[in-house]
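Taking it in order: structure first as structure tokens, then the write-up.
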Amino acid sequence: MRFAFLLLFCLSAVAALAGDEPLRLVLHEHKFTPEQFDVPAHVKFRLLVKNDSDADIEWESDELDREEVISPGEERTIYLGPLDPGSYPFYDDRHSASKGVLIAK
Amino acid sequence: MIRAGPLIAALLLAGAAQADELRLVSPNEIDYRELEIESENSAATDGGRDYSLDLGTGVTRWWHLGAEFEWEREAGPGNPTRLDGVQLESLIRLTEPGEGWLDAGFYTEYTRSDLHGRETPDDLLVGGVFLKDIGRTTHTLDLFLDRPFSPDEDVSGVRFSYTWQSRWNLWRQFAPAIEAFGQAGRIDRPDGFQGGQLIVGPVATGTLLLGPIGKLRYEAGYLFGATEASPSGTVRWKLEMEIPL
């Protein structure tokens with residue numbers, strides 16, 4: 579019974595990630611927060627990227643085949659997955675020192 | 373970094389000496405708030421050469437406009453390289469990348485070829501361009517129809533061509549791919565498989581970040597002829613500079 583509840587809880591967590599609630603990422607003063615975060619493998623999910631700086635940014639990941647220009651103060655939704663397990667680096671193309679990594683598990 | 377500008381310009385112009393119809397279009401390649409300068413080139417073992425220089429930008433997040441200049445040297449000894457056409461290109465992204473099962477776009481290209489007194493007809497090309505990401509791989513399929521505007525019945529008629537590429541997004545600097553470019557001829561008079569052109573082969577792709585200048589994307593590969601009507605080998609290379617606006 580406990581195992582069934584645990585399984586249900588895990589499935590619900592995965593479903594939440596894959597469903598309505600997006601993962602959030604903020605760029606402020608050339609730094610992504612969080613710089614590293616986990617996502618479930620083999621599931622589609624949304625990443626909501628907010629540009630909290632005073633210049634355009636271009637969120638980009640070559641491994642994820644995505645790029646998105648985001649104006650100051652703007653939020654953009656990026657649709658990702660399903661991903662194989664592994665690390666997927668991303669960066670701000672306009673300031674490539676601003677970078678992070680998404681880890682699919 | 374200051375020295376990178378002339379170097380990139382030289383590379384682009386060196387490339388600008390080839391592109392006829394080795395056309396690979398991703399529905400997500402909009403280049404919003406960026407200036408794209410692209411040089412695409414191919415050289416076949418039969419002596420044919422195609423070069424192009426393309427300028428474009430994303431007018432909106434879903435509409436890319438570009439202009440392209442094409443030079444061609446026909447197969448055979450002694451043929452000159454000449455400006456073959458000027459194109460206007462439009463790509464409309466129909467889907468948000470990754471939102472649905474498949475990304476799709478609509479591509480249009482009008483080529484003005486009546487240059488230097490030549491009698492090459494103008495041409496209108498339209499097509500559906502599709503992309504699917506699976507894990508760390510990206511698969512692109514383009515299906516094109518084009519129609520030359522010629523009073524000559526043998527020249528006019530709607531022709532079908534296609535492009536496919538599957539890429540493994542291994543690293544930013546290097547992502548290997550396999551691609552194919554095919555021309556099946558007129559849809560009302562199909563050439564048959566051996567009568568159409570099909571070239572297939574491996575290609576290396578990647579992106580180099582150049583700081584505030586932008587980034588340089590490259591593609592280079594060798595394509596083998598798969599039908600009797602195809603050149604036995606074709607070298608294809610492309611350099612694309614994306615400069616933030």
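Top to bottom, those sequences are chains A and B. Heads up: take any position in the first sequence, counting from 1, add 578, and you land on this note's numbering. Heads up: take any position in the second sequence, counting from 1, add 372, and you land on this note's numbering. Positions of the beta carbon are idealized from the N, C-alpha and C atoms, including for glycine.
Status (buried if at least 16 other CB within 10 Å, exposed otherwise) for residue i
i: GLY678 of chain A; result: buried
i: HIS436 of chain B; result: buried
i: GLU506 of chain B; result: For clarity, residue 506 of chain B is Ile in the given sequence; the question names Glu instead. Flag for ILE506 of chain B reads exposed.
i: LYS683 of chain A; result: exposed
i: TRP473 of chain B; result: exposed
i: ASP475 of chain B; result: buried
i: VAL575 of chain B; result: buried
i: THR577 of chain B; result: buried
i: GLU613 of chain A; result: exposed
i: LEU427 of chain B; result: exposed
i: ALA633 of chain A; result: exposed
i: ASP403 of chain B; result: buried
i: LEU460 of chain B; result: exposed
i: PHE546 of chain B; result: exposed
i: LEU611 of chain B; result: buried
i: SER604 of chain B; result: exposed
i: VAL527 of chain B; result: exposed
i: VAL525 of chain B; result: Before going further, note that residue 525 of chain B is Glu rather than Val in the sequence given. By the 10 Å Cβ count, GLU525 of chain B comes out exposed.
i: GLY450 of chain B; result: exposed
i: GLY593 of chain B; result: buried
i: ASP560 of chain B; result: exposed
i: TYR669 of chain A; result: buried
i: ARG421 of chain B; result: buried
i: LEU570 of chain B; result: buried
i: GLY387 of chain B; result: Bear in mind that a pLDDT of 37 at GLY387 of chain B, under 50, signals an unreliable position, so the number given afterwards is only what the model happens to contain. With 16 or more Cβ atoms within 10 Å of its Cβ, GLY387 of chain B is classed as buried.
i: LEU588 of chain B; result: buried
Proximity below 8 Å, CB of residue i to CB of residue j
i: VAL572 of chain B; j: ALA552 of chain B; result: yes
i: ALA601 of chain B; j: GLY568 of chain B; result: yes
i: THR579 of chain B; j: ARG539 of chain B; result: no
i: ASP494 of chain B; j: THR480 of chain B; result: no
i: GLU468 of chain B; j: TYR666 of chain A; result: no
i: THR535 of chain B; j: ALA416 of chain B; result: no
i: LEU394 of chain B; j: ARG608 of chain B; result: yes
i: GLU638 of chain A; j: GLU645 of chain A; result: yes
i: GLY438 of chain B; j: ARG405 of chain B; result: no
i: ASP643 of chain A; j: ASN541 of chain B; result: yes
i: LEU661 of chain A; j: ALA619 of chain A; result: yes
i: ARG465 of chain B; j: ASN413 of chain B; result: no
i: VAL397 of chain B; j: VAL498 of chain B; result: no
i: ASN629 of chain A; j: PRO650 of chain A; result: yes
i: ASP514 of chain B; j: LEU496 of chain B; result: no
i: THR626 of chain B; j: LEU503 of chain B; result: This structure gives no information on residue 626 of chain B, because the portion of chain B shown stretches from 373 to 617.
i: GLY659 of chain A; j: VAL627 of chain A; result: no
Proximity test, Cβ basis, 8 Å: residue i and chain B
i: ARG672 of chain A; result: yes
i: ASP662 of chain A; result: yes
i: VAL592 of chain A; result: Because VAL592 of chain A carries a pLDDT of 44, less than 50, the predicted location of this residue cannot be relied on, and no value is offered for it.
i: ASP630 of chain A; result: no
i: ASP634 of chain A; result: yes
i: ILE681 of chain A; result: no
i: LEU658 of chain A; result: yes
i: LEU595 of chain A; result: With a pLDDT of only 46 at LEU595 of chain A, under 50, the local geometry of the prediction cannot be trusted, and no value is derived from it.
Closer than 8 Å to chain A by CB, residue i
i: ARG508 of chain B; result: yes
i: GLY470 of chain B; result: yes
i: GLU579 of chain B; result: Checking the sequence shown, residue 579 of chain B turns out to be Thr, not Glu. Yes, its Cβ sits closer than 8 Å to a Cβ of chain A.
i: PRO616 of chain B; result: yes
i: ASP505 of chain B; result: yes
i: ARG375 of chain B; result: Because ARG375 of chain B carries a pLDDT of 47, less than 50, the predicted location of this residue cannot be relied on, and the following value inherits that uncertainty. Closer than 8 Å: no.
heavy atom of the ligand SAH below 7 Å from residue i C-beta
i: VAL501 of chain B; result: No copy of the ligand SAH appears in this structure; indeed no ligand is present at all.
> On the three-pair Cβ rule with 8 Å, is the segment 664-680 of chain A touching the segment 604-619 of chain A?
Replying inline: yes
> Which residues, in chain order, does the segment 636-655 of chain A contribute to contact with chain B at a C-beta distance below 7 Å?
Replying inline: ASP640, GLU641, ASP643, ARG644 and VAL647
>> Which residues of the segment 403-432 of chain B have a Cβ closer than 7 Å to any Cβ of chain A? Give them in chain order.
In response: TYR404 and ARG405
>> Output needed in chain order: residues of the segment 583-598 of chain B with a Cβ under 9 Å from some Cβ in chain A.
In response: GLY583, PRO584, GLY586 and LYS587
>> Contact between the segment 579-592 of chain B and the segment 557-565 of chain B is defined here as three or more beta-carbon pairs at a separation below 8 Å; is this criterion met?
In response: no
> Do the segment 468-480 of chain B and the segment 442-449 of chain B make contact, defined as three or more Cβ pairs closer than 8 Å?
Replying inline: no
> Which residues, in chain order, does the segment 521-548 of chain B contribute to contact with chain A at a C-beta distance below 9 Å?
Replying inline: ARG539, ASN541, LEU542, TRP543, ARG544, GLN545 and ALA547
>> Using a Cβ-Cβ cutoff of 7 Å, what residues of the segment 603-631 of chain A are near chain B? List them in chain order.
In response: none
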